[in-house]
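Keeping their order, the protein sequence lines are chains A and B.
Numbering (this note's numbering) for the first sequence: 355 to 819.
Numbering (this note's numbering) for the second sequence: 3 to 89.
C-beta atoms are modelled at their ideal positions from N, C-alpha and C, and glycine is treated no differently.
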Amino acid sequence: MYDTIIIGAGMSGLAAGIRLAHFDRRVCILERHYTIGGLNSFYRLNGRDYDVGLHAVTNYMPKGTRRGPLAKLLRQLRFRWEDFSLAPQIGSSIAFPGIQLRLGNGLELLESEIEKHFPSQKDNFQQLLSQIADYDELEQQTFEDSARQVVSSTISDPLLVEMLLCPLMWYGNARESDMDFGQFCIMFRSIFMEGFSRPFAGVRLILKNLVRRFRELGGELKLSHGVDRIVHDKKQVNGVILDNGEQIPGRHILSSAGWFETLRMCGDVVSSSTRGPGKLSFTESIAILDKQPRQLGHDRTIVFFNDSDKFHWEQPETMCDLRTGVICSPNNYWYEDANGKQQQLSEGVIRVTALANFDAWQNLPEEQYRLEKLRWHERTVASAVRFMPDFRRHVIDTDMFTPKTIRRFTWHDNGAVYGAPNKHLDGTTPWKNLYVCGTDQGYVGIIGSILSGISIANRYCLQTA
Amino acid sequence: MTLAEIREEIIDILHDIAPDEDLSELKDDVTFRDQLELDSMDFLDIVMELRKRHRVQIPEEDYGELASMQRTVTYLEPLLKDVARVS
Numbered sequence: 355m356y357d358t359i360i361i362g363a364g365m366s367g368l369a370a371g372i373r374l375a376h377f378d379r380r381v382c383i384l385e386r387h388y389t390i391g392g393l394n395s396f397y398r399l400n401g402r403d404y405d406v407g408l409h410a411v412t413n414y415m416p417k418g419t420r421r422g423p424l425a426k427l428l429r430q431l432r433f434r435w436e437d438f439s440l441a442p443q444i445g446s447s448i449a450f451p452g453i454q455l456r457l458g459n460g461l462e463l464l465e466s467e468i469e470k471h472f473p474s475q476k477d478n479f480q481q482l483l484s485q486i487a488d489y490d491e492l493e494q495q496t497f498e499d500s501a502r503q504v505v506s507s508t509i510s511d512p513l514l515v516e517m518l519l520c521p522l523m524w525y526g527n528a529r530e531s532d533m534d535f536g537q538f539c540i541m542f543r544s545i546f547m548e549g550f551s552r553p554f555a556g557v558r559l560i561l562k563n564l565v566r567r568f569r570e571l572g573g574e575l576k577l578s579h580g581v582d583r584i585v586h587d588k589k590q591v592n593g594v595i596l597d598n599g600e601q602i603p604g605r606h607i608l609s610s611a612g613w614f615e616t617l618r619m620c621g622d623v624v625s626s627s628t629r630g631p632g633k634l635s636f637t638e639s640i641a642i643l644d645k646q647p648r649q650l651g652h653d654r655t656i657v658f659f660n661d662s663d664k665f666h667w668e669q670p671e672t673m674c675d676l677r678t679g680v681i682c683s684p685n686n687y688w689y690e691d692a693n694g695k696q697q698q699l700s701e702g703v704i705r706v707t708a709l710a711n712f713d714a715w716q717n718l719p720e721e722q723y724r725l726e727k728l729r730w731h732e733r734t735v736a737s738a739v740r741f742m743p744d745f746r747r748h749v750i751d752t753d754m755f756t757p758k759t760i761r762r763f764t765w766h767d768n769g770a771v772y773g774a775p776n777k778h779l780d781g782t783t784p785w786k787n788l789y790v791c792g793t794d795q796g797y798v799g800i801i802g803s804i805l806s807g808i809s810i811a812n813r814y815c816l817q818t819a
Numbered sequence: 003m004t005l006a007e008i009r010e011e012i013i014d015i016l017h018d019i020a021p022d023e024d025l026s027e028l029k030d031d032v033t034f035r036d037q038l039e040l041d042s043m044d045f046l047d048i049v050m051e052l053r054k055r056h057r058v059q060i061p062e063e064d065y066g067e068l069a070s071m072q073r074t075v076t077y078l079e080p081l082l083k084d085v086a087r088v089s
């Protein structure tokens, strides 16, 4: 009998597993896919390493910082700062027609950019900062307030409102068109006030550290073990039945599969349509270059672009929406080796993300799916080079993943990258010993999901014992 | 455990929780919160580490007794006097 069964070996499941195993709980993580990571996984193709989700690890703070999410999770998981070997970004930007706001780690650069391009908004921006500082992010009552309304009532230039919303929605908003003010504050802190970083080896370094620690502590990890059903009576759950029919009993179940996905495992047919699963999924077009992006004049770590003054954040009606996107170059971080010497990835990489329609991709016959991938890769890149130097002559290999790929790694309904729009901040479900963690609990991103796993495990599986 | 051993044990736990901290200059009469910015999650971890290592139960209403090194050692002394330090 396990003390806790964890569904999903992504960031939140692994982090919860480490906490529980550290305090001597018998714990087992079940993962349907044949590999770890969930949305933040990795793969190898044509001799090259690729990351699935990772553009950047947000919430970056330099070594020695004691406050903030990164410091908190390192302490909770007993890692040293060096174990994640996070290299800070060179610099990113928000690009709209005819205007660009640059941002770095920490608020300073963004503040001066706003002063330069939106001098009339200088004081309003300071006021917004104090609103965000005052906001208690786990206050469920005000969490779902409209970010557009709150921000527009402080920032009076609509263009600046759109430019601020663009990166925050791209990196963590499951809701179409608008954003929960609570989520806005979390993302604002993690992106604008803290910032971007990346391990030289990519997300696999973080995942491998988590798995190694979990196993050292005696935790069990079972890959290719999908949960078909959660066994329960009216009040509590008793264990799971796997896809292969095997039954595994457990005292607690912690699910990172998503809210609706988890309820469905309990046989609960979800009736409410207005508060349903998320709809926002992405394609990612990856190009390998024969030069470093900086040699082509591109030194930005991440560019959030939008081709009009109004930012649209909704499920596209066609395959992809190319009006907005994110360009990421994993080369553009300050990487150092163990001796503090600068180092660089051996090849140039440009990744471009676009909003995509899950059904449109999912329903294609195999042959056409391949063709559409080629077609939309080309279109996505053509859209991106409006906001960066044209790199197309230097491409030596490409790959593209689609909402279908995201579904395979996460098992989320609709391949929804950030899960369902309505979050369940306290993690509880109608069953008293079944809890949700991860994306649908409320924290997104790598640091966010790790913290989600930690806090739900602490609250329900450690403190009550 | 003697008072000195209890102090050493707490240092060990703090080192475990915050491996990046230099604890050699830790002041016993200043709160952990002020010196190390420990938060409620960290205090809970100190409690759970003590339970894991020495089977000492600390009721929630006593968590305040762990505010500084001095207070922690004083508070733990009667609870740990018959426990041997293993390391």
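A:Ala770 vs A:Ala528 beta-carbon contact at 8 Å = With a cutoff of 8 Å on beta-carbon distance, A:Ala770 and A:Ala528 are scored as near each other.
Just how far apart, CA to CA, sit B:Leu5 and B:Val75?
-> Straight-line Cα distance between these residues: approximately 6 Å.
Could you tell me whether the Cβ of A:Gly362 comes closer than 8 Å to any Cβ of chain B?
-> No, because no Cβ of chain B sits closer than 8 Å to the Cβ of A:Gly362.
Collapsed DSSP secondary structure at B:Pro21 in the structure displayed = Note: B:Pro21 maps to coil in three-state DSSP.
Kindly list, in the order they appear in chain A, the residues whose Cβ is closer than 7 Å to that of B:Ala20.
-> Ordered by position in chain A, the residues that pass the 7 Å Cβ test against B:Ala20 are Arg429.
Per-residue burial, A:Ala692 [other beta carbons within 10 Å of its own, 16 or more giving buried] = Under a 10 Å Cβ-count criterion, A:Ala692 is classified as exposed, with fewer than 16 other Cβ atoms of the shown protein chains found around its own Cβ.
Got a sec: which bits of the region 45-56 of chain B sit with their beta carbon under 8 Å from any beta carbon on chain A, in order along the chain?
-> Residues Leu46, Asp47, Met50 and Lys54.
Taking the C-alpha atoms as reference points, what is the distance between B:Glu51 and A:Trp715?
-> If you draw a straight line from the Cα of B:Glu51 to the Cα of A:Trp715, it is about 50 Å long.
Just mark A:Gln820 as buried or exposed, buried being the case when its beta carbon has 16 or more other beta carbons within 10 Å.
-> Residue 820 of chain A is absent from the structure shown; chain A starts at 355 and stops at 819.
Terminal residues of the alpha helix (DSSP H) in which A:Thr496 lies | Element bounds for A:Thr496: Gln494 to Phe497.
Of all the beta strand (DSSP E) runs that stay within the bounds of the region 584-634 of chain A, which reach a length of 3 or more residues?
-> Runs of the beta strand (DSSP E) inside the region 584-634 of chain A: 591-596 and 601-609.
State buried or exposed for A:Pro521, treating a residue as buried only when at least 16 other CB atoms are found within 10 Å of its CB.
-> A:Pro521 should be labelled buried.
Between the Cα of A:Lys588 and those of A:Leu608, A:Ser578 and A:Cys620, spot the shortest distance and give me the residue it belongs to.
-> Of the candidates A:Leu608, A:Ser578 and A:Cys620, the residue whose Cα lies closest to the Cα of A:Lys588 is A:Cys620.
If we count Cβ pairs, one from each stretch, closer than 8 Å, do we get three or more for the region 384-396 of chain A versus the region 359-367 of chain A?
-> Here the region 384-396 of chain A lies against the region 359-367 of chain A, with 3 or more beta-carbon pairs under 8 Å apart.
Using DSSP with H/G/I as helix, E/B as strand and the rest coil, what is A:Tyr356?
-> Three-state DSSP puts A:Tyr356 in a strand.
What does B:Met43 reach in chain E if we use C-beta pairs closer than 9 Å?
-> Any reference to chain E falls outside this structure, whose protein chains are A and B.
Where A:Pro757 falls, given that 16 or more other Cβ within 10 Å makes a residue buried = So A:Pro757 counts as buried.
Along chain A, in chain order, which residues have C-beta atoms closer than 8 Å to that of B:Glu11?
-> Simply none; closest approach about 17 Å.
Can you find at least 3 beta carbon pairs, one from the region 711-731 of chain A and one from the region 600-615 of chain A, that sit closer than 8 Å?
-> The answer is no - the region 600-615 of chain A does not touch the region 711-731 of chain A, with fewer than three Cβ pairs under 8 Å.
Just by C-beta distance, which residues in the region 29-40 of chain B are closer than 9 Å to chain A?
-> Leu38, Glu39 and Leu40: these are the residues of the region 29-40 of chain B whose beta carbon lies less than 9 Å from some beta carbon of chain A, given in chain order.
Could you tell me whether the Cβ of A:Gln817 comes closer than 8 Å to any Cβ of chain B?
-> So, interface residue.
List the endpoints of the continuous alpha helix (DSSP H) containing A:Arg567.
-> Its alpha helix (DSSP H) spans residues Val557 to Glu570.
A:Ile808 (DSSP reduced to helix, strand or coil) = The answer is helix: DSSP assigns A:Ile808 an H, G or I state.
Alpha carbon to alpha carbon, how far is A:Gln646 from A:Leu699?
-> Between A:Gln646 and A:Leu699, the C-alpha separation is close to 9 Å.
Three-state secondary structure assigned by DSSP to A:Met673 = Looking at A:Met673 - three-state DSSP - the assignment turns out to be coil, as it is neither helix nor strand.
Pick from B:Val49, B:Ala86 and B:Ala20: whose alpha carbon is nearest that of B:Glu64?
-> Going by the sequence as given, residue 64 of chain B is Asp instead of Glu. Restricting attention to B:Val49, B:Ala86 and B:Ala20, the CA atom closest to the CA of B:Asp64 is found in B:Val49.
Which same chain residues, not among the five before or five after A:Gln475, have their C-beta less than 8 Å away from its C-beta?
-> The residues Ile468, Ile509, Ser510, Asp511 and Leu514, in chain order, have a CB closer than 8 Å to that of A:Gln475 in the same chain once the five nearest residues on each side in sequence are set aside.
B:Ser70 bridges to which residues according to DSSP?
-> DSSP, once it has assigned bridges, lists B:Thr33 as partnering B:Ser70.
At a cut of 8 Å, does the region 558-571 of chain A reach the region 365-384 of chain A through at least three beta carbon pairs?
-> A contact exists between the region 558-571 of chain A and the region 365-384 of chain A.
What number of angstroms, rounded off, separates the C-alpha of A:Arg420 from the C-alpha of B:Glu27?
-> Rounded to whole angstroms, A:Arg420 to B:Glu27 spans 17 Å at the Cα level.
Rank A:Tyr772, A:Asn812 and A:Thr783 by C-alpha distance to the C-alpha of A:Thr793 and give the top, closest one.
-> Of the candidates A:Tyr772, A:Asn812 and A:Thr783, the one whose C-alpha sits nearest the C-alpha of A:Thr793 is A:Tyr772.
Separation of A:Glu671 from A:Arg724, as counted between CA atoms | Approximately 20 Å between the Cα atoms of the pair.
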